[in-house]
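Each residue of the sequence shown is one higher than the one before, counting from 50 in my numbering. A virtual CB, placed ideally from N, CA and C, is assigned to each residue, including glycine. Predicted model only: the values in this text are computed from it and were never measured. Shown next, in structure tokens, is the structure this report addresses.
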Amino acid sequence: MSLTRVVTVTWRSAWREALANRAGFWTQIAIMMVNDLVWMVFWFLFFDRVGSVQGWDLDRLIVLFAILTTSGGIVLGLLNNARITGRLAATGALDSALALPIPPLLYLLFRRVEPVNVGDLVFGILLFTLFGDPSPQRTLVFGFGVVCAVLILTGFLILVGSVSFWAGRNDAGDLGFHAIVLFANYPVDIFGGATRVFLYAVVPAGFVTSAPARLVDDFDTTWAIATLAVAVGVAGAGWLAFTLGLRHYTSGSSWTRA
């Protein structure tokens with residue numbers, strides 16, 4: 050069976066499990082969309098009072114939040130195991146992935162769909178379509194930004210989660226997740242110099258949302274290349290950390306749904 054066929058079957062199985070309770074599936078999506086809408090109402094009220102902050106106004110913030118929710122919905126909704134890689138490694142729950150004729154990380158990424166986060170994906174696409182002034186060029190750059198954000202989020206979550214291969218049960222994965230998602234909610238330009246460097250170089254939240262959002266409004270080839278390079282680099286680092294970590298993996302002697 051070809052690699053593409055295995056991935057397709059794996060993802061189809063994940064969707065079937067997610068849709069087993071259709072009422073619950075759509076309810077979770079609706080709840081997350083309402084949650085995202087409330088957050089947008091906050092920003093609407095904020096910018097209605099202050100106008101703009103460090104060059105960021107409501108229109109640009111809408112693009113930033115659309116990129117965050119769309120990319121976050123893809124990573125946390127469609128590739129959900131990226132968030133819990135560390136937990137799976139620490140508890141010895143990777144046995145089933147290692148027994149299959151497919152790279153373990155690839156299998157894990159497509160093995161689990163989380164309905165509530167699919168709501169983020171739906172909301173992000175709708176937000177950009179309705180309020181992001183989606184011209185052909187802006188839509189193309191928006192898609193580019195989402196792809197880069199997905200690579201960075203996925204790679205970073207796997208990278209910090211892979212610490213569990215060496216450290217055992219730890220909170221690095223959860224801490225990394227909360228850090229990058231929290232800071233990605235805000236334009237990086239509102240932070241001071243040292244913090245801004247930190248959010249580009251250590252926890253790459255700036256390249257998840259702020260850089261792509263600026264590209265949508267004012268495309269710059271240099272920034273686009275830099276963002277893509279960071280995305281490929283972080284994704285590659287995550288893959289490498291996971292691959293090296295497997296050498297230290299200790300089986301939990303359990304056959305579980307990863």
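From Phe177 to Ala69, what distance separates their C-alpha atoms? 30 Å
6 Å CB neighbourhood of Trp92 in its chain, flanking five on each side removed: Cβ-Cβ distances below 6 Å link Trp92 to Leu110 in the same chain, with the five nearest sequence neighbours on each side left out; the list follows chain order.
Tell me, which residues are paired with Trp105 by DSSP? Val102
Would you give the residue range spanned by the alpha helix (DSSP H) that Pro164 belongs to? 164-180
Buried or exposed for Ile123, going by 16 or more other Cβ atoms inside 10 Å? buried
Taking its Cβ as the centre, do 16 or more other Cβ atoms sit within 10 Å of Val209, making it buried, or is it exposed? buried
Measure from the alpha carbon of Pro150 to the alpha carbon of each residue in Trp64, Arg54, Arg245, then state which is nearest. Arg54
Just the Cα atoms here: how many angstroms apart are Phe96 and Trp105? Looking at the two C-alpha atoms, the distance is approximately 9 Å.
Taking only runs that begin and end inside the region 136-163, name each unbroken alpha helix (DSSP H) of 4 or more residues, in chain order. List check, alpha helix (DSSP H) in window: 144-147, 153-159.
Backbone secondary structure at Gly241 - three-state DSSP: coil
How about Val99: is its Cβ closer than 7 Å to a heavy atom in the ligand MG? Ligands displayed in this structure: none; no statement on the ligand MG is therefore possible.
Roughly how many angstroms lie between the CA atoms of Ser259 and Tyr235, to the nearest whole one? 8 Å
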